[in-house]
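Read through the structure below, which is laid out as structure tokens, and then see the notes.
2 protein chains.
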Amino acid sequence: MKDCSQCVVRNRAVCGGLQPDELEALGQLGRKQRVLKGQTVVWEGEDALVVANVIDGVLKLSMSTADGREQIVGILFPSDFIGRPFGQQSPYSITALTDADLCIFSRAAFDRFSRQHPELEHRLLRRTLDELDRTREWMLLLGKKTANERIATLLLELSTRMGETGCSTEQVDLDRFELPLDRQQIGDLLGLTIETVSRQLSRLKAAGVIDLPDRRMVVIQDRSRLQDLAAAA
Amino acid sequence: MKDCSQCVVRNRAVCGGLQPDELEALGQLGRKQRVLKGQTVVWEGEDALVVANVIDGVLKLSMSTADGREQIVGILFPSDFIGRPFGQQSPYSITALTDADLCIFSRAAFDRFSRQHPELEHRLLRRTLDELDRTREWMLLLGKKTANERIATLLLELSTRMGETGCSTEQVDLDRFELPLDRQQIGDLLGLTIETVSRQLSRLKAAGVIDLPDRRMVVIQDRSRLQDLAAAA
DNA sequence: CGATGTCTTGAGTCCCGTCAATGCACGTGG
DNA sequence: CCACGTGCATTGACGGGACTCAAGACATCG
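From first to last, the protein sequence lines are chains U and C.
Take the first sequence: its position 158, counted from the start at 1, is 385 in my numbering, and no numbers get skipped.
Take the second sequence: its position 157, counted from the start at 1, is 384 in my numbering, and no numbers get skipped.
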């Protein structure tokens with residue numbers, strides 16, 4: 228990996244705060260890798276040998292019960308940090324939801340490097356704290372919200388997080404985006420079945436709150452109504 | 228706060244890795260404070276002016292929907308770190324479940340201090356990563372487990388986490404402990420109603436898996452059966 | 001134009017939530 | 001000491017929202 232200085236996610240990713248020479252050193256440790264949709268990068272319970280930055284694409288973190296019920300416990304977008312530093316095993320699987328470009332490091336090498344670069348650890352800490360907040364918000368959704376509220380919350384969350392992805396200069400349309408998840412995956416994320424997801428989406432469409440031009444596209448037609456339905460704090 | 232060197236949670240808390248002089252400096256910033264059962268230290272959505280270490284007692288983190296449904300999003304035990312550093316507002320409330328002793332810092336002062344002490348930030352990072360793993364495990368519970376499995380999982384989790392609390396030298400009985408939560412709070416943590424919690428506990432008792440000598444005490448009589456019922460990964 | 005995979009829709013069931021009554025421990029005061 | 005009130009917890013009856021099972025619709029691709 229030659230030129231971190233050219234990296235599209237450079238400013239937002241954990242490596243953002245580094246000095247040019249530090250960035251150069253970190254770049255020596257990493258390599259760019261493309262993963263295809265559906266491919267799993269890290270397996271739940273296995274030794275976690277790598278960490279990475281997401282350069283492009285969307286990935287999921289998932290955990291499952293002994294009998295195979297699966298829960299998606301996180302969604303990763305460009306500039307997000309992947310993997311479990313300072314831990315032997317990964318408690319979750321990491322799988323690409325779309326084709327994705329990663330900037331991969333061996334976990335051991337990354338751990339060593341970050342311990343020597345407080346600025347990197349600081350950014351990692353902030354990111355982890357943010358992720359923890361988001362995860363706790365999701366606990367509220369899973370523990371207390373109805374199927375309807377869950378779908379509404381998801382659509383709003385995806386709208387904002389997909390929007391952050393783009394450059395701040397270009398104005399993207401937050402009210403129109405493509406779902407990186409199929410219905411099954413939405414169910415696994417919201418703690419619902421595929422049928423319930425489908426029914427609730429149909430209901431929102433029938434109510435004129437959203438439109439679904441095709442299976443993957445979502446258009447938010449009445450955002451304030453959607454916000455009411457999401458029952459946010 | 229004069230003598231951090233005497234602190235009972237010193238080795239396990241975030242301050243553990245500091246040098247004596249650093250510990251002294253941090254000690255100058257903090258003060259010990261007792262909070263009573265039921266008292267709320269930080270309010271959801273309010274400016275988070277303080278962070279703290281838990282010296283003794285148990286606290287809850289909770290979030291709620293606009294119409295008042297409450298979800299407990301975390302439980303804090305002695306040596307755990309409280310609060311949201313590097314963020315204006317706290318996304319959750321922090322409330323004492325038992326009388327508790329805290330070692331409180333102003334958030335601004337703590338933020339400043341930790342930025343100058345990488346070892347402290349490193350320990351905070353590890354702790355946050357662990358907490359994130361636990362929170363994600365809880366997402367699996369809330370999204371995919373049945374009422375029965377949730378109760379079984381909670382009892383096992385409490386058993387281990389209450390056990391860690393004591394000194395490593397003295398051998399505590401993991402199979403017998405006092406619930407720091409009432410039935411309503413168990414419900415708010417597991418995404419169930421008080422009635423369902425009560426019914427499932429009664430069921431486990433009737434099956435001889437646990438005993439409930441009184442409202443707060445739990446005795447695990449058949450741990451391996453309880454582990455099966457918890458449907459862990 | 002079938003074959004396939006994904007999504008939608010419908011009918012029936014069940015687990016958990018709701019509502020309501022009862023039980024139990026504790027404290028207070030007559 | 002007992003009557004009474006209060007706060008939790010337990011138990012029961014009932015209903016509803018999401019799950020299960022099953023069929024049908026739709027798009028894509030050979």
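Note that the Cβ used here is the ideal one computed from N, Cα and C, for glycine as well.
Straight-line CA distance for Leu347 (chain U) to Leu401 (chain C)? Locating residue 347 (chain U) in the first sequence gives position 120, where the first residue counts as 1. Locating residue 401 (chain C) in the second sequence gives position 174, where the first residue counts as 1. Cα-Cα distance, rounded: 39 Å.
Cβ of Lys372 (chain C) versus every heavy atom of the ligand SAM: is any distance shorter than 8 Å? What this structure holds is no ligand at all, so the ligand SAM is not there to describe.
Who are Lys287 (chain U)'s beta bridge partners in DSSP? On the first sequence, position 60 is the one that residue 287 (chain U) refers to. Looking at the DSSP output, Lys287 (chain U) bridges to U:Ile302 and U:Thr322.
Delimiting residues of the beta strand (DSSP E) encompassing Glu405 (chain U): Locating residue 405 (chain U) in the first sequence gives position 178, counting from the first residue. Here the beta strand (DSSP E) through Glu405 (chain U) covers Arg403 to Glu405.
Length-filtered (4 minimum) alpha helix (DSSP H) runs lying within the stretch 311-375 of chain C: 334-342 and 345-371
Pro318 (chain C) and Glu364 (chain U) look like a contact to me (Cβ under 8 Å); what is the Cβ gap, rounded to whole Å? By one-based count along the second sequence, residue 318 (chain C) stands at place 91. By one-based count along the first sequence, residue 364 (chain U) stands at place 137. With a Cβ gap of about 7 Å, Pro318 (chain C) and Glu364 (chain U) count as contacting.
Tell me the residue span of the beta strand (DSSP E) that contains Thr267 (chain U). On the first sequence, residue 267 (chain U) is found 40 positions in, with the first residue counted as 1. Per DSSP, Thr267 (chain U) belongs to the beta strand (DSSP E) from Thr267 to Val269.
Taking its Cβ as the centre, do 16 or more other Cβ atoms sit within 10 Å of Asn280 (chain C), making it buried, or is it exposed? Within the second sequence, residue 280 (chain C) is the residue found at index 53, counting from 1. Buried.
Selection from C:Leu385, C:Thr362 and C:Ile413 that minimises the alpha carbon distance to Ser289 (chain U): Working through the first sequence from its first residue, we reach residue 289 (chain U) at position 62. The candidate whose alpha carbon is nearest that of Ser289 (chain U) is C:Thr362.
Three-way DSSP call (helix, strand, coil) for Arg442 (chain C) in this model: Position 215 of the second sequence holds residue 442 (chain C). Three-state result, Arg442 (chain C): coil.
Measure from the C-beta of Val268 (chain C) to each C-beta in chain U and report whether the shortest distance is under 9 Å. Locating residue 268 (chain C) in the second sequence gives position 41, counting from the first residue. False, the Cβ-Cβ gap to chain U never drops below 9 Å.
Residues of chain C with CB under 7 Å from Phe169 (chain U), in chain order? What the structure shows of chain U is the stretch from 228 to 460, and residue 169 (chain U) is not part of that stretch, so it cannot be assessed.
Just grab the DSSP bridge partners of Lys259 (chain C) for me. Your numbering for residue 259 (chain C) matches position 32 in the second sequence. Beta-bridge analysis with DSSP links Lys259 (chain C) to C:Cys330.
Report the rounded CA-to-CA distance for Met389 (chain C) versus Phe404 (chain C), giving the unit in angstroms. In the second sequence, the residue the question calls residue 389 (chain C) occupies position 162. In the second sequence, the residue the question calls residue 404 (chain C) occupies position 177. Going from the Cα of Met389 (chain C) to the Cα of Phe404 (chain C) covers about 8 Å.
For the alpha helix (DSSP H) containing Asp415 (chain U), name the first residue and the last one. Here residue 415 (chain U) refers to the residue found at position 188 when the first sequence is read from its first residue. Note, Asp415 (chain U): alpha helix (DSSP H), Arg410 to Leu417.
List the residues of chain C whose Cβ lies closer than 7 Å to the Cβ of Gln298 (chain U), in chain order. As a position in the first sequence, residue 298 (chain U) is number 71, starting the count at 1. Simply Met366, Leu367, Gly370 and Lys371.
With respect to the alpha helix (DSSP H) encompassing Asp455 (chain C), which residues constitute its N-terminal and C-terminal limits? What you label residue 455 (chain C) is simply residue 228 of the second sequence in a count that begins at 1. Segment Arg450 to Ala457, the alpha helix (DSSP H) holding Asp455 (chain C).
What does Val277 (chain C) pair with, by DSSP beta-bridge criteria? Along the second sequence, one-based indexing puts residue 277 (chain C) at 50. Answer by DSSP bridge pairing, in chain order: C:Ser333.
Interface residues of chain C facing Ser320 (chain U) [CB-CB closer than 9 Å]: One-based indexing of the first sequence puts residue 320 (chain U) at position 93. Near Ser320 (chain U) there are no residues of chain C at all, since even the closest Cβ is about 11 Å away, more than 9 Å.
Just to check my reading of the structure: Val436 (chain C) and Leu408 (chain C) have Cβ atoms closer than 8 Å, yes? What is that Cβ distance to the nearest angstrom? As a first step, residue 436 (chain C) must be located in the second sequence, where it is residue number 209. As a first step, residue 408 (chain C) must be located in the second sequence, where it is residue number 181. With 8 Å as the limit, Val436 (chain C) and Leu408 (chain C) do not qualify as a contact, their Cβ atoms being about 19 Å apart.
How big is the Cα-Cα spacing for Val277 (chain C) and Phe332 (chain C)? For the purposes of this step, residue 277 (chain C) is taken as residue 50 along the second sequence, with counting starting at 1. For the purposes of this step, residue 332 (chain C) is taken as residue 105 along the second sequence, with counting starting at 1. Approximately 6 Å, taken between the alpha carbons.
Who are the neighbours of Ser232 (chain U) on chain C, taking C-beta pairs under 8 Å? Here residue 232 (chain U) refers to the residue found at position 5 of the first sequence. In chain order: nothing, as chain C lies at least about 25 Å away.
9 Å Cβ cutoff, Gly284 (chain C) in contact with chain U: As a first step, residue 284 (chain C) is located in the second sequence; it is residue number 57 there, counting from the start. By this cut-off, Gly284 (chain C) is not an interface position.
Listed by chain order, chain C residues near Arg363 (chain U) by CB distance under 8 Å: Locating residue 363 (chain U) in the first sequence gives position 136, where the first residue counts as 1. Result: Leu288, Met290, Val300, Gly301, Pro318, Tyr319 and Thr362.
Out of U:Leu382, U:Gly284, U:Phe313 and U:Ala374, point me to the one whose CA is closest to Val236 (chain U)'s CA. The residue you call residue 236 (chain U) lines up with position 9 of the first sequence. The alpha carbon of Val236 (chain U) has as its nearest neighbour, out of U:Leu382, U:Gly284, U:Phe313 and U:Ala374, the alpha carbon of U:Gly284.
Quick one: what's got a C-beta closer than 7 Å to Thr420 (chain C)'s C-beta in the same chain, skipping five residues either side? Translated into positions along the second sequence, residue 420 (chain C) becomes position 193. Excluding positions up to five away in sequence, the list reads Gly414.
Whose CA, out of C:Ile378, C:Pro312, C:Ala335 and C:Ser386, lies closest to the CA of Arg353 (chain U)? For this step, residue 353 (chain U) is matched to residue 126 along the first sequence. The shortest Cα separation from Arg353 (chain U) among C:Ile378, C:Pro312, C:Ala335 and C:Ser386 belongs to C:Pro312.
Just checking: is the beta-carbon of Leu416 (chain U) within a distance shorter than 9 Å of some beta-carbon in chain C? Position 189 of the first sequence holds residue 416 (chain U). Yes, its Cβ sits closer than 9 Å to a Cβ of chain C.
Return the chain-ordered list of same chain residues with a C-beta closer than 6 Å to the C-beta of Arg261 (chain C), the five sequence neighbours on each side being excluded. Numbered from 1 along the second sequence, position 34 holds the residue referred to as residue 261 (chain C). The answer, listed in chain order, is Asp328.
At least one CB of chain U closer than 9 Å to the CB of Pro305 (chain C): is that the case? In the second sequence, residue 305 (chain C) corresponds to position 78, counting from 1. No, Pro305 (chain C) does not count as interfacial toward chain U.
Straight-line Cα distance separating Cys231 (chain C) from Glu249 (chain C): Counting from 1 along the second sequence, the entry for residue 249 (chain C) is found at position 22. Counting from 1 along the second sequence, the entry for residue 231 (chain C) is found at position 4. So the two alpha carbons sit approximately 11 Å from each other.
Rounded to the nearest angstrom, how far is the Cβ of Leu406 (chain U) from that of Arg443 (chain U), given a contact under 8 Å? Taking the first sequence and counting its residues from 1, the one referred to as residue 406 (chain U) is at position 179. Taking the first sequence and counting its residues from 1, the one referred to as residue 443 (chain U) is at position 216. 5 Å between Cβ atoms; contact.
I believe Val269 (chain C) touches Ser320 (chain C) by the beta-carbon criterion, under 8 Å. Please report the beta-carbon distance rounded to the nearest angstrom. Sequence index remark: in the second sequence, residue 269 (chain C) carries index 42 (1-based). Sequence index remark: in the second sequence, residue 320 (chain C) carries index 93 (1-based). The C-beta distance from Val269 (chain C) to Ser320 (chain C) rounds to 6 Å, short enough to meet the 8 Å contact threshold.
Identify the contact partners of Arg342 (chain U) in chain C, using a Cβ-Cβ distance below 9 Å as the criterion. By one-based count along the first sequence, residue 342 (chain U) stands at place 115. Within 9 Å Cβ-Cβ: Pro345 and His349.
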